[in-house]
Structures are given as structure tokens and as C-alpha cells.
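Student: Okay, here's the structure, questions in a sec.
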Amino acid sequence: SAVISQKPSRDICQRGTSLTIQCQVDSQVTMMFWYRQQPGQSLTLIATANQGSEATYESGFVIDKFPISRPNLTFSTLTVSNMSPEDSSIYLCSVDYSGGNTIYFGEGSWLTVV
Amino acid sequence: GIQVEQSPPDLILQEGANSTLRCNFSDSVNNLQWFHQNPWGQLINLFYIPSGTKQNGRLSATTVATERYSLLYISSSQTTDSGVYFCAVTRASGSRLTFGEGTQLTVNP
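Residue numbers (our numbering), protein chains in the order written: chain A, 269 to 382; chain B, 51 to 159.
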């Protein structure tokens, strides 16, 4: 199975600030994804992080709010910009090792915006 | 897009009881996975099961792809089984997972 490390694991942020979440994988993967889970809700895909090109965003999510980097096949970052209390969520990185056969998740980053 | 519906939304059990969780999906799928999200938020893979039946200890799962549903069975439940169980599907290889709303399971001692 995959080893996926996310940092930070938890943070309390001031509204109006930005925070960058890191995702490190123990081996090279083609597909990396970023999800958001708002309190008491299911997971929603924010974007697919593509190595060497811009991320592909889902409807309702924009690059200015959630810029994503993917400099290589083992690392990605998600920035949550100009945060408001509505951004308080768990943000999860996930990877697809085998073309959709099994998708693994990092431990998640719990953000609280005050 | 594909719709994923899970039932029941909430389930409360006494330790030792058995339970069945259901996942219905609206279209054919390439991948179906069951996850357990523990109280610390971590998502644990339980099964990759686009069709057929699998068992892992007290847990088993069955997917009937032609009828577009999957079942997760938990036998002899323990308090550590508490958490949210998610079903998630993909339409094609390498595509994104679509999650159901989850079943919140509480197992009381």
C-alpha cells in the first residue's frame, strides 16, 4: 500500500490568510488528487494535480482560490487562499497507483479558520 | 455525473451485533471502493470490489454490478468499528472517485 504524508496535520488560521498543504508520496504516481471534506459531509474533489501542467479543477473550484503545484511524481501542494470560515474543512490528498484499481488517501489536514 | 447513494445514513449497534450497509450507484462503474473514516479523519481502504464478493476478517463486501449496488457486511461489531463508512466509485480507469454521503456507524459497548 501507499505511504502518503500530509503536512500540516492540523492548523488554526486567521481569516484572510493563505495556507499551503503538502502531500508527499513514497513512490512515483501518475495521478494525484485533492479533496475537501466540510464538517459532517462527504468528500468532494477539488482538482487533479497533473505533473508538468496545470491542475484540472472541478466545477465550483478555481485556481485563484486553490492553486496547486505538482513539481514531480511524488509531491504536490494545495494552497487555500484568502481563507474564510467556510474553508474550515479536512483537506485530503489521494493517489492512484494502478490506474484506478485502488486509490489511497493521506491522513488529511484539518483546517479551522477563525 | 454518476450518483452514489448510501443507506442507512446512521446506524447504532450494540457490540457484537451484525450489520449491512448498502451502496447504490446510477451507472456502470470501473471501480468501487469501501472506506472507513475513523474519528481522527483518516480514510482506510476496506475493499476494492467492482464486482463479486470479498472477505477480510469480520468484514465482507459484495458488489452486483449488473444491478448497480454493493453491500458491506460487518459481523460481530466492535466499538472500534465506529466511524463513517463511505462507498466511492469511478466511471473509468484513472478517473476521479465519486463518494456517497456515507453511513455513520456507532457501536456501543
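C-beta: ideal position from N, C-alpha, C; glycine also.
Around the C-beta of residue 332(A), are 16 or more other C-beta atoms found within 10 angstroms, so that it is buried, or is it exposed?
Tutor: As a position in the first sequence, residue 332(A) is number 64, starting the count at 1. Counting Cβ neighbours within 10 Å, residue 332(A) comes out exposed, since fewer than 16 surround it.
Student: Is there a C-beta anywhere in chain A that falls below 8 Å from the one on residue 146(B)?
Tutor: Residue numbering aside, residue 146(B) sits at position 96 when the second sequence is read from its first letter. Cβ-Cβ to chain A under 8 Å: yes for residue 146(B).
Student: Comparing C-alpha positions only, which one of 124(B), 145(B), 118(B), 142(B) sits nearest to residue 135(B)?
Tutor: The residue labelled residue 135(B) in the question sits at position 85 within the second sequence. Of the listed residues, the one whose Cα sits closest to residue 135(B) is 124(B).
Student: Could you tell me which of 78(B), 138(B), 147(B) sits nearest to residue 153(B), measuring between CA atoms?
Tutor: For the purposes of this step, residue 153(B) is taken as the residue at position 103 of the second sequence. Answer by Cα proximity: 138(B).
Student: Pair every Cβ in the stretch 111–123 of chain B with every Cβ in the stretch 87–101 of chain B, then say whether three or more of these pairs are closer than 8 Å.
Tutor: yes
Student: Kindly list, in the order they appear in chain B, the residues whose Cβ is closer than 7 Å to that of residue 316(A).
Tutor: As a position in the first sequence, residue 316(A) is number 48, starting the count at 1. Per Cβ cutoff of 7 Å: 146.
Student: Can you tell me where the beta strand (DSSP E) with residue 135(B) in it begins and where it stops?
Tutor: As a first step, residue 135(B) must be located in the second sequence, where it is residue number 85. 133–140 is the span of the beta strand (DSSP E), which, as asked, contains residue 135(B).
Student: So with CB distances below 9 Å, who are the chain B contacts of residue 370(A)?
Tutor: Taking the first sequence and counting its residues from 1, the one referred to as residue 370(A) is at position 102. Here the neighbours are 81, 83, 95, 98.
Student: For residue 354(A), which three-state DSSP category applies?
Tutor: The sequence position of residue 354(A) within the first sequence is 86, counting from 1. In the structure shown, residue 354(A) falls within a helical segment according to DSSP collapsed to helix, strand and coil.
Student: Verify the CB distance criterion: does residue 136(B) have a CB-CB separation below 8 Å to chain A?
Tutor: As a first step, residue 136(B) must be located in the second sequence, where it is residue number 86. Closer than 8 Å: yes.
Student: For the beta strand (DSSP E) containing residue 123(B), name the first residue and the last one.
Tutor: Mapped onto the second sequence, residue 123(B) falls at position 73. First-last of the beta strand (DSSP E) with residue 123(B): 119–124.
Student: To the nearest whole angstrom, what separates the beta carbons of residue 272(A) and residue 291(A), a pair I think is in contact under 8 Å?
Tutor: Position 4 of the first sequence holds residue 272(A). Position 23 of the first sequence holds residue 291(A). That pair is a contact at about 7 Å.
Student: What does residue 376(A) reach in chain E if we use C-beta pairs closer than 7 Å?
Tutor: Protein chains in the displayed structure are A and B, and chain E is not among them.
Student: Between residue 385(A) and residue 347(A), what straight-line distance do the alpha-carbon atoms span, to the nearest angstrom?
Tutor: Nothing can be reported for residue 385(A), as the shown portion of chain A is limited to 269 through 382.
Student: Pick from 279(A), 339(A), 325(A), 375(A): whose alpha carbon is nearest that of residue 297(A)?
Tutor: Translated into positions along the first sequence, residue 297(A) becomes position 29. For the residues 279(A), 339(A), 325(A), 375(A), the minimum Cα distance to residue 297(A) belongs to 339(A).
Student: By the three-class DSSP mapping on this structure, what secondary structure does residue 130(B) have?
Tutor: Counted from its first residue, the second sequence places residue 130(B) at position 80. DSSP places residue 130(B) in helix when its eight states are reduced to three.
Student: Does the beta-carbon of residue 374(A) have 16 or more other beta-carbons within 10 angstroms, so that it is buried, or is it exposed?
Tutor: Within the first sequence, the letter at position 106 stands for residue 374(A). Buried.
Student: If you reduce the DSSP assignment to three classes, tell me which class residue 317(A) lands in.
Tutor: As a first step, residue 317(A) must be located in the first sequence, where it is residue number 49. Here residue 317(A) sits in strand by DSSP.
Student: Closer than 7 Å by beta-carbon distance: list the chain A residues that pair up with residue 149(B), in chain order.
Tutor: Walking along the second sequence from the start, residue 149(B) turns up at place 99. Here the neighbours are 310, 311.
Student: Indicate whether at least one CB of chain A lies closer than 8 Å to the CB of residue 152(B).
Tutor: In the second sequence, residue 152(B) corresponds to position 102, counting from 1. For residue 152(B), a Cβ of chain A is located within less than 8 Å of the residue's own Cβ.
Student: For residue 90(B), count neighbouring Cβ atoms within 10 angstroms of its own Cβ and tell me buried if that reaches 16, exposed if not.
Tutor: As a working mapping, residue 90(B) is identified with position 40 in the second sequence. Exposed is the call here.
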